[in-house]
Amino acid sequence: AAATATTTEEPIQPAVEIKYTQLLINGNFVDAASGKTFPTVDPRTGEVIARVAEGDSEDIDRAVAAARRAFDEGPWPRMTAYERCRVLLRFADLIEQHADEIAALETWDNGKTLAQSAGAEVPMLARCMRYYAGWADKIHGLVVPADGAHHALVLHEPVGVAGQIIPWNFPLLMFAWKVGPALACGNTVVLKTAEQTPLSALYVASLLHEAGLPDGVLNVVSGFGPTAGAALCSHMGVDKLAFTGSTGTGQIVLELAARSNLKPVTLELGGKSPFIVMDDADVDQAVELAHHAVFFNQGQCCCAGSRTFVHERVYDEFVEKSKARAMKRVVGDPFRNGVEQGPQIDEEQFKKILRYVQSGVDSGATLLAGGDRAGNRGFYIQPTDDMKIAREEIFGPVQTILKFSHARGSGVEEVIRRANASHYGLAAGVFTRSLDAANTLSRALRVGTVWVNCYDVFDAGIPFGGYKMSGVGREKGVYALRNYLQTKAVVTPIRDAAW
Ligand code: TXE
Numbered sequence: 018a019a020a021t022a023t024t025t026e027e028p029i030q031p032a033v034e035i036k037y038t039q040l041l042i043n044g045n046f047v048d049a050a051s052g053k054t055f056p057t058v059d060p061r062t063g064e065v066i067a068r069v070a071e072g073d074s075e076d077i078d079r080a081v082a083a084a085r086r087a088f089d090e091g092p093w094p095r096m097t098a099y100e101r102c103r104v105l106l107r108f109a110d111l112i113e114q115h116a117d118e119i120a121a122l123e124t125w126d127n128g129k130t131l132a133q134s135a136g137a138e139v140p141m142l143a144r145c146m147r148y149y150a151g152w153a154d155k156i157h158g159l160v161v162p163a164d165g166a167h168h169a170l171v172l173h174e175p176v177g178v179a180g181q182i183i184p185w186n187f188p189l190l191m192f193a194w195k196v197g198p199a200l201a202c203g204n205t206v207v208l209k210t211a212e213q214t215p216l217s218a219l220y221v222a223s224l225l226h227e228a229g230l231p232d233g234v235l236n237v238v239s240g241f242g243p244t245a246g247a248a249l250c251s252h253m254g255v256d257k258l259a260f261t262g263s264t265g266t267g268q269i270v271l272e273l274a275a276r277s278n279l280k281p282v283t284l285e286l287g288g289k290s291p292f293i294v295m296d297d298a299d300v301d302q303a304v305e306l307a308h309h310a311v312f313f314n315q316g317q318c319c320c321a322g323s324r325t326f327v328h329e330r331v332y333d334e335f336v337e338k339s340k341a342r343a344m345k346r347v348v349g350d351p352f353r354n355g356v357e358q359g360p361q362i363d364e365e366q367f368k369k370i371l372r373y374v375q376s377g378v379d380s381g382a383t384l385l386a387g388g389d390r391a392g393n394r395g396f397y398i399q400p401t402d403d404m405k406i407a408r409e410e411i412f413g414p415v416q417t418i419l420k421f422s423h424a425r426g427s428g429v430e431e432v433i434r435r436a437n438a439s440h441y442g443l444a445a446g447v448f449t450r451s452l453d454a455a456n457t458l459s460r461a462l463r464v465g466t467v468w469v470n471c472y473d474v475f476d477a478g479i480p481f482g483g484y485k486m487s488g489v490g491r492e493k494g495v496y497a498l499r500n501y502l503q504t505k506a507v508v509t510p511i512r513d514a515a516w
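For what it's worth, the working numbering labels the leading residue of the sequence shown as 18, then goes sequentially.
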């Protein structure tokens, strides 16, 4: 038996009522044009939490029209930047005032632990909003010393209507990373949430209106990818797209954008991130951090450190201790204190993960711990430790431990080559006491983030995004502003040549 499974106990009733299940268009909660709804499911039990309005292309049309009006005629891009700043600051305050309900809603719909929702994600949502509120009145252009008697200005203007599509693994953070910079720069937004987790975005969007956001500036459409999502990507009234999700869907999004109006696209996609443990590492600390790097959020992180590379000199000890750690992991009702791992998001992901584990075993990997469902209902999986299945994104609590050796002297060539041998390039972890090894690996790894002796540090100011097939562009920090700004050159002659 692996892990302490408390999954057979009665699920705890979340302390929040479901207030918003309709689409948010032009400042009003409305039904879908078709009148259709779809169920959003409690991953602890598979039972329906609520039925939610199912947006489709007609609703996307309505939402884009509202966002267009709010951009072309409305007050938002014309307000002073300071007024936009203050709306976002008030929003952050409201998030904190309603933190308990928001956290409960997130855990209920997603299955992540309440400790994580309340302790990290709601505070990070507020923090990210304040970070971008701070930028709103500090975005300015420049003056170019152009040749000849010309006065040349560069203005940074909002792009217009931003279409944003987010996944289910971090519904609130994805809302923050997308909506924060878009609004700070003066854009209007149509947000398509993931069909698995529509609830928290509707709730916080209502708070954003309470904070003074004008109608039509943020529209939220719940619904499915091939219908509502694709309609948003193809829409001629959308000026920019931002997408987070799987690499395959990212390719579709880019194609739809290209075939419609060539709207620019930023993509934050999958990963297969290496976590490298050098032979000088404190093994106990390395085991704990590597465990966190892959098992955090039920393993459902784009940047999960899912290829654990361990130096041969410490490999056996590392494997033994990782197995023990995985077996100690507390799986259970995410509302319960002390639980480290809740259920996977849905039945599809649940089955996909177990299929990957089986394929690992079939191709010769040693299954050290877990590998099966936990409990007898809901989408709980035992923390699983094995080797192989090291290429594709599993997106589950499955750790793959690979051995590497120093081919020559103290060189790190082998692990660099193997770590980089991936179509992905989102993140990497390096665990070592050697400054030289840390420096060499940080430079050599072809990834968007290198965490040295830490993992999953997500400060609002630190850019995040991928090399290679992990994405296009960066979110967070000053870099995200570039995604939501147009650059305009204004050139005027200077008549009096003396000046
Ligand atoms: O992803 P999708 P899914 C990876 C992870 C996971 C796999 C599948 O490996 O197992 O993807 O998850 C919308 N046009 N990641 O199926 O399809 C969809 O409605 C426009 C990594 O959930 O990429 C949702 O809002 N939009 C990832 C969003 O895309 C479409 C996080 C993401 O769904 C669409 C999630 C279409 N044709 C999954 N089809 C990360 N980078 O963190 C779907 N969507």
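Glycine included, each C-beta is placed from N, C-alpha and C at the ideal position.
Check	Outcome
D297 - DSSP class collapsed to helix/strand/coil	coil
The alpha helix (DSSP H) enclosing D89, as first and last residue numbers	S74 to D89
Extent of the continuous alpha helix (DSSP H) run through R144	V139 to A153
Beta-bridge pairing of D59 - partner residues as DSSP gives them	E64
S263 Cβ short of 7 Å to the ligand ZN heavy atom set	With respect to the ligand ZN, the structure shown offers nothing to examine, as its ligands consist of the ligand TXE.
Segment limits, alpha helix (DSSP H) that includes L452	L452 to A461
Contact check, E71 vs F55, beta carbons under 8 Å	yes
Distance cut-off 7 Å: I77 Cβ against heavy atoms of the ligand TXE	no
Heavy atom of the ligand TXE within 7 Å of A247 beta-carbon	yes
Counterpart residues of W468 in DSSP-defined beta bridges	G446
Inter-residue Cα distance where the pair is R450 and T383	29 Å
C-beta atoms of F260 and G254 nearer than 8 Å	no
Given A461 as reference, the closest of I479, D476, Q315 and A438 once Cα atoms are compared	A438
Any non-hydrogen atom of the ligand TXE within 7 Å of N194 CB	Note on identity: in this sequence residue 194 is Trp, with Asn being the wrong assignment. Flag unset: Cβ of W194 not near the ligand TXE.
Simplified DSSP state of P28, which is helix, strand or coil	coil
Boundaries of the alpha helix (DSSP H) in which V207 is found, first to last residue	Not the alpha helix (DSSP H): V207 falls in the beta strand (DSSP E), residues T205 to K209.
T124: first and last residue of the uninterrupted alpha helix (DSSP H) it sits in	A116 to N127
Reduced DSSP secondary structure (H/G/I, E/B, other) of R484	In the sequence as displayed, the identity of residue 484 is Tyr instead of Arg. Three-state result, Y484: strand.
CB of F448 within 8 Å of CB of A218, strictly	no
Backbone CA spacing between T214 and L170 [nearest angstrom]	44 Å
I398 Cβ short of 7 Å to the ligand TXE heavy atom set	no
Identity of the residues DSSP links to I42 by a beta bridge	N45
Beta-carbon proximity check, G177 vs F108, cutoff 8 Å	no
Complete runs of the alpha helix (DSSP H) confined to the segment 332-397 [at least 4 residues]	364-379
Proximity winner among R408, A391 and L225, relative to S290 (alpha-carbon distances)	R408
Status (buried if at least 16 other CB within 10 Å, exposed otherwise) for S422	exposed
beta-carbon F412 near the ligand TXE non-hydrogen atom, thresh 7 Å	yes
Any non-hydrogen atom of the ligand TXE closer than 7 Å to P243 Cβ	yes
Where the alpha helix (DSSP H) containing E430 begins and where it ends	E430 to N437
Buried or exposed by the 16-neighbour rule on C-beta atoms within 10 Å, applied to E123	buried
Spatial neighbours of T457 in its chain, beta-carbon cut-off 7 Å, leaving aside the 5 residues before and after	V429
Alpha-carbon to alpha-carbon, F367 and G316	11 Å
beta-carbon G287 near the ligand TXE non-hydrogen atom, thresh 7 Å	yes
Separation of S134 from P60, as counted between CA atoms	15 Å
Nearest-angstrom beta carbon gap, H226 and G44 [assumed within contact, 8 Å]	6 Å
Any non-hydrogen atom of the ligand TXE closer than 7 Å to Q366 Cβ	yes
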